[in-house]
């Protein structure tokens with residue numbers, strides 16, 4: 001098994017590492033299934049006084065087990081409820097020492113002041129930056145800022161120039177009065193690869209499932225090692241029960257609709273829209289990338305999927321594709337530990353010396369991989385088969401593209417051009433295997449990569 005992700009978690013003002021761990025609540029418990037979370041404590045002592053006879057304060061201190069200063073620390077000095085940003089250099093040195101002892105870390109989650117100092121830290125460590133006297137650590141693969149902000153004083157402008165290129169997820173509350181959306185927007189403006197999730201609450205780490213899975217999926221969209229040196233556009237293809245966005249139940253398809261299955265097979269196999277066959281190549285093959293559970297759920301007679309390059313994403317280095325010792329390893333079947341590794345593997349196996357030309361690259365499931373692909377910078381298209389019937393499911397697609405400003409539905413002629421085969425338009429009558437009549441609809445969405453889309457989410461109406 002590969003090592004789990006290691007994530008540096010930086011607390012807010014009047015908190016500490018242990019306090020932040022507790023305040024993250026179910027988010028901390030959920031993410032700990034997938035990553036090692038580390039919670040250092042800031043060096044700045046918060047001098048806000050509390051009534052020692054207050055019952056709520058007594059409970060809070062008891063829960064902390066007598067932590068020094070009542071667990072009230074920060075990363076910047078605060079006067080009259082305003083950040084003065086004093087002691088920022090001391091805080092960076094404190095974080096550097098912690099990273100040397102506990103790291104290296106794959107990424108960072110910062111809340112409030114922790115997001116503020118975290119943005120500075122990530123910018124200093126990103127590739128191409130000159131050496132600095134404060135921190136020595138490899139670049140982060142991802143950063144998550146909850147209630148984050150940009151230091152507003154001019155003397156800190158160098159921390160935001162050039163822009164942060166590390167993929168960033170910004171979570172902000174529409175009712176946050178401590179760090180209003182306008183301040184979070186200032187930070188997003190200095191991030192090139194920014195994603196935004198809004199919640200209706202105040203200055204908190206939201207606990208709902210959509211934010212927990214969103215953080216998890218964003219973390220796993222990052223490469224396990226280096227970003228791919230062989231980028232290719234990625235296309236997600238999925239069939240979804242509408243309106244519940246269900247895609248599976250008990251690791252199998254809850255429907256068997258002939259037209260839907262034929263569409264998937266034809267689209268992922270067709271190379272009509274993949275360009276001309278290059279000299280020295282005998283044929284074009286598309287790539288299908290799937291999670292381990294998705295591959296295992298395929299009928300054994302159908303795996304690997306014929307006439308396609310199959311890559312299974314798994315962090316289990318001993319995964320054997322369900323083969324017995326006597327079974328021969330099929331051609332065009334591989335394993336990789338992340339999407340970026342899969343693309344590098346394609347370049348290695350099907351390079352200039354191969355007689356096979358690579359066509360389109362499809363992400364075909366399951367829900368975990370869809371979630372990661374959603375945040376991957378190379379994901380550009382979504383082929384969405386909408387089944388106009390709600391089936392009971394326990395696995396779901398992470399979002400409704402028709403309601404997302406991050407995705408734009410394409411006209412039907414563009415769909416046909418993209419897939420390279422004729423496709424009927426509109427809601428089509430189809431029959432499931434139990435003779436039940438349903439309606440299905442084939443849709444194409446394109447990713448809107450304009451950074452202004454993220455900024456518009458943070459605009460004050």
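Residue numbers (UniProt numbering): 1 to 461. By construction, the Cβ of each residue, glycine as well, lies at the ideal position given by its N, Cα and C atoms.
What's the gap between the Cα of residue i and the Cα of residue j?
i           : j           : result
residue 330 : residue 304 : 7 Å
residue 271 : residue 418 : 10 Å
residue 125 : residue 249 : 43 Å
residue 151 : residue 19  : 24 Å
residue 317 : residue 429 : 44 Å
residue 75  : residue 86  : 9 Å
residue 368 : residue 236 : 13 Å
residue 386 : residue 433 : 17 Å
residue 288 : residue 445 : 19 Å
residue 420 : residue 381 : 15 Å
residue 449 : residue 286 : 24 Å
residue 105 : residue 394 : 33 Å
residue 177 : residue 145 : 17 Å
residue 101 : residue 14  : 24 Å
residue 350 : residue 172 : 43 Å
residue 361 : residue 16  : 45 Å
residue 148 : residue 119 : 8 Å
residue 262 : residue 6   : 42 Å
residue 99  : residue 427 : 55 Å
residue 160 : residue 244 : 41 Å
residue 209 : residue 223 : 24 Å
residue 162 : residue 130 : 12 Å
residue 25  : residue 328 : 48 Å
residue 410 : residue 379 : 16 Å
residue 77  : residue 260 : 59 Å
Give every residue of the same chain whose Cβ lies closer than 6 Å to the Cβ of residue i, excluding the five residues on either side of it in the sequence, and list them in chain order.
i           : result
residue 294 : 365 and 366
residue 21  : 28 and 39
For residue i, I'd like the list of residues in its chain whose CB is within less than 7 Å of its CB, leaving aside the five on either flank, ordered along the chain.
i           : result
residue 122 : 108, 140, 143, 164 and 166
residue 324 : none
residue 425 : 412
residue 455 : 185, 188 and 189
residue 376 : 221, 234 and 339
residue 389 : 241 and 438
Give every residue of the same chain whose Cβ lies closer than 8 Å to the Cβ of residue i, excluding the five residues on either side of it in the sequence, and list them in chain order.
i           : result
residue 457 : 196, 198 and 405
residue 416 : 422 and 423
residue 300 : 322
residue 396 : 244, 245, 246, 247 and 367
State buried or exposed for residue i, treating a residue as buried only when at least 16 other CB atoms are found within 10 Å of its CB.
i           : result
residue 200 : exposed
residue 401 : buried
residue 113 : buried
residue 128 : exposed
residue 359 : buried
residue 408 : exposed
residue 251 : exposed
residue 292 : buried
residue 275 : exposed
residue 277 : exposed
residue 192 : exposed
residue 58  : With a pLDDT of only 44 at residue 58, under the threshold of 50, the placement of this residue in the model should not be trusted, and no figure is reported.
residue 175 : exposed
residue 72  : buried
residue 132 : exposed
residue 217 : buried
residue 65  : Any reading at residue 65 must be qualified, since the residue scores a pLDDT of 42, below 50, and its modelled position is unreliable; no value is offered.
residue 282 : exposed
residue 158 : exposed
Going by Cα to Cα distance, which pick from the options is closest to residue i?
i           : options               : result
residue 264 : 363, 245, 176 and 283 : 363
residue 352 : 280, 155 and 258      : 280
residue 334 : 308, 15 and 379       : 308
residue 371 : 34, 220 and 319       : 220
residue 436 : 155, 256 and 161      : 256
residue 313 : 135, 347 and 296      : 296
residue 96  : 34, 117, 25 and 188   : 117
residue 103 : 72, 37 and 191        : 37
residue 8   : 452, 31 and 25        : 31
residue 94  : 244, 414, 284 and 135 : 135
residue 34  : 399, 194 and 4        : 4
residue 311 : 137, 290, 327 and 378 : 290
residue 225 : 138, 396 and 155      : 138
residue 169 : 194, 403 and 269      : 194
When the cut-off is 8 Å and only beta carbons count, does residue i lie next to chain C?
i           : result
residue 358 : Among the chains of the structure shown, chain C does not appear; only one protein chain is present.
Looking at C-beta atoms only, is the number of pairs between the segment 178 to 187 and the segment 212 to 232 that lie closer than 8 Å three or more?
Judged by Cβ distances under 8 Å, the segment 178 to 187 makes no contact with the segment 212 to 232, as fewer than three pairs qualify.
Is the segment 234 to 242 touching the segment 202 to 210 in the sense that three or more CB pairs, one from each, lie closer than 8 Å?
Contact between the segment 202 to 210 and the segment 234 to 242 is absent, because fewer than three Cβ pairs lie under 8 Å.
Three or more C-beta pairs closer than 8 Å, one from the segment 39 to 48 and one from the segment 85 to 103: is that the case here?
yes
If we count Cβ pairs, one from each stretch, closer than 8 Å, do we get three or more for the segment 341 to 349 versus the segment 223 to 236?
yes
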